[in-house]
Amino acid sequence: MADSTSPGKDLPEPRNDRDAGAPSRLPQRSVDRAQFEQVIRRAAELSLRDADAGDQLSEAEVVRIASELGLPAHHVHRALFELPELNVQPRWYDRYYGSPVFSEGRLVPSEAPLTLKRVEEYLVTREYLQIVRRRGENIALIPADDTISSLARTFFRSGARHHIAKATRVLVNAHELEDGNTHVRVDVDLSEERRSSASGAAWGGVIGGTLVGGIAAHFAGVATPVALGPIPEVLAFGSGLAGTFAAIFTSAARGFRGRVHAARLEISGLLDRLEHGERLDPPAAPWRRRLSGKLFGPQDG
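Position 248 of the sequence shown, counting from 1, maps to 241 under my numbering, and the rest follow consecutively.
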């Protein structure tokens, strides 16, 4: 007798375990631009955790991975170019002073060789730097150590407005794009100025703290009972030393961060003038412009 139930009738559909966990079964979300950047950054962080800490990616590998994420190759190349190349050894005062290296870039409507030549001429003749390395369309400069350049920096670049001339290293990179424009990046290293500031602040903190701590210990010994022994004096000395050291060091670190900000503004001004095709020399002081106007009449720029 034939079974009245047809084969496969009322049986569940075969289930594909692979499809059960497919992303298409998950609720779809929309992300804005800020969230997209956060997701990409987090995904890269998780990926790097799984990789060996000593592994390094080539530029081609970075472009390939970014293209798989849907990022245009020309944007990736530009992001790679904008990475600063200067590095410094970590120091114990990094957390207080911050990094002495910063980078600024601009897109200039000019060819790379001409743009680099203008920047080079300005840095050498106006900021008294000397070229120590030239590689393609990249140059590295340090303060010139000849007597005339040293004197010129002392007399003409000694104010708080001038930081390029006193930088430990300056790196200029020019990268010509496909549309004929040039992306210029300037990396500045103020590590020597930072080291000098931290060293002076440390010595000043120790000397000043010792004096303040000694005075505090003296008054603590006078004002406390003899039965307590030297404990009040020791505590007062330690508090005076630590407080004075912290105050002096914090103030010096804040001053250095202010100088980094001023140096960044100086570089930004230079790149702004380069971007707009203006003279790279900064605008003259008001008194000089007034004097020039009286002697030679109004001048453009």
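We treat Cβ as the ideally placed atom computed from N, Cα and C, and that holds for glycine.
Going straight from the alpha carbon of residue i to that of residue j, what length do you get?
i      : j      : result
Thr118 : Glu268 : 20 Å
Tyr86  : Ala235 : 16 Å
Arg188 : Ala255 : 18 Å
Val177 : Trp196 : 40 Å
Thr203 : Val227 : 12 Å
Ser23  : Val81  : 41 Å
Ala27  : Leu273 : 36 Å
Ser151 : Gly129 : 32 Å
Val32  : Val101 : 32 Å
Arg34  : Glu78  : 21 Å
Arg266 : Lys159 : 21 Å
Gly262 : Pro275 : 8 Å
Glu271 : Ser103 : 13 Å
Leu144 : Ala36  : 53 Å
Gly248 : Gly91  : 11 Å
Ile200 : Phe212 : 19 Å
Glu186 : Gly206 : 29 Å
Ala66  : Arg84  : 37 Å
Gly173 : Ala246 : 42 Å
Ala216 : Glu259 : 54 Å
Ser142 : Gly214 : 56 Å
Val69  : Ser190 : 38 Å
According to the neighbour-count rule (16 or more other Cβ atoms, all chains shown, within 10 Å of its Cβ), is residue i buried or exposed?
i      : result
Ala229 : buried
Ser136 : Note that residue 136 is Pro in the sequence shown here, rather than Ser. The residue is buried, with at least 16 neighbouring Cβ atoms inside 10 Å.
Leu39  : exposed
Ser244 : exposed
Leu107 : exposed
Pro93  : buried
Arg57  : exposed
Ala59  : buried
Ser192 : exposed
Val112 : buried
Glu171 : exposed
List the whole-angstrom C-beta distance separating residue i from residue j, where the pair is believed to meet the contact cut-off of C-beta under 8 Å.
i      : j      : result
Tyr89  : Phe242 : 7 Å
His168 : Thr161 : That belief does not hold up - the Cβ atoms of His168 and Thr161 are roughly 24 Å apart, past 8 Å.
Pro97  : Val179 : Per the sequence shown, residue 97 should be read as Glu rather than Pro. Rounded, the Cβ-Cβ distance is 5 Å, consistent with contact.
Arg126 : Leu264 : Not quite, the Cβ-Cβ distance comes to about 21 Å (not below 8 Å), so this is no contact.
Arg299 : Tyr121 : This structure does not reach residue 299, given that the chain is present from -6 up to 294, and the question cannot be answered.
Phe95  : Arg257 : 6 Å
Taking the alpha carbon of residue i as the reference point, which residue from the options has its own alpha carbon closest?
i      : options                        : result
Pro223 : Leu234, Val56, Ala210          : Ala210
Asp139 : Gln123, Asn166, Phe149         : Gln123
Ser184 : Val205, Ala145, Arg250, Ala213 : Arg250
Ile208 : Ala191, Ser232, Leu64, Trp196  : Ser232
Ala105 : Leu134, Gly206, Val165, Ala133 : Val165
His156 : Ile132, Val181, Ile141         : Val181
Ala153 : Ser190, Arg252, Leu263         : Arg252
Ala133 : Arg99, Glu54, Leu109           : Leu109
Glu30  : Leu64, Ala53, Arg257, Val55    : Leu64
Ala194 : Glu54, Ala72, Ala240, Ile141   : Ala240
Ala72  : Val55, Pro83, Arg84            : Val55
Would you check whether the ligand COA has a heavy atom nearer than 6 Å to the C-beta of residue i?
i      : result
Glu130 : Of ligands this structure carries none, so the ligand COA is not represented either.
Requested in this report: Could you name each continuous beta strand (DSSP E) segment of 3 residues or more that falls completely within the stretch 116 to 196, going from the start of the chain to the end?
Outcome: 122 to 128, 131 to 136, 162 to 169, 175 to 182
Query raised in the report: In chain order, which continuous runs of the beta strand (DSSP E) of length 3 or greater are located wholly inside the stretch 94 to 118?
Result: 94 to 101
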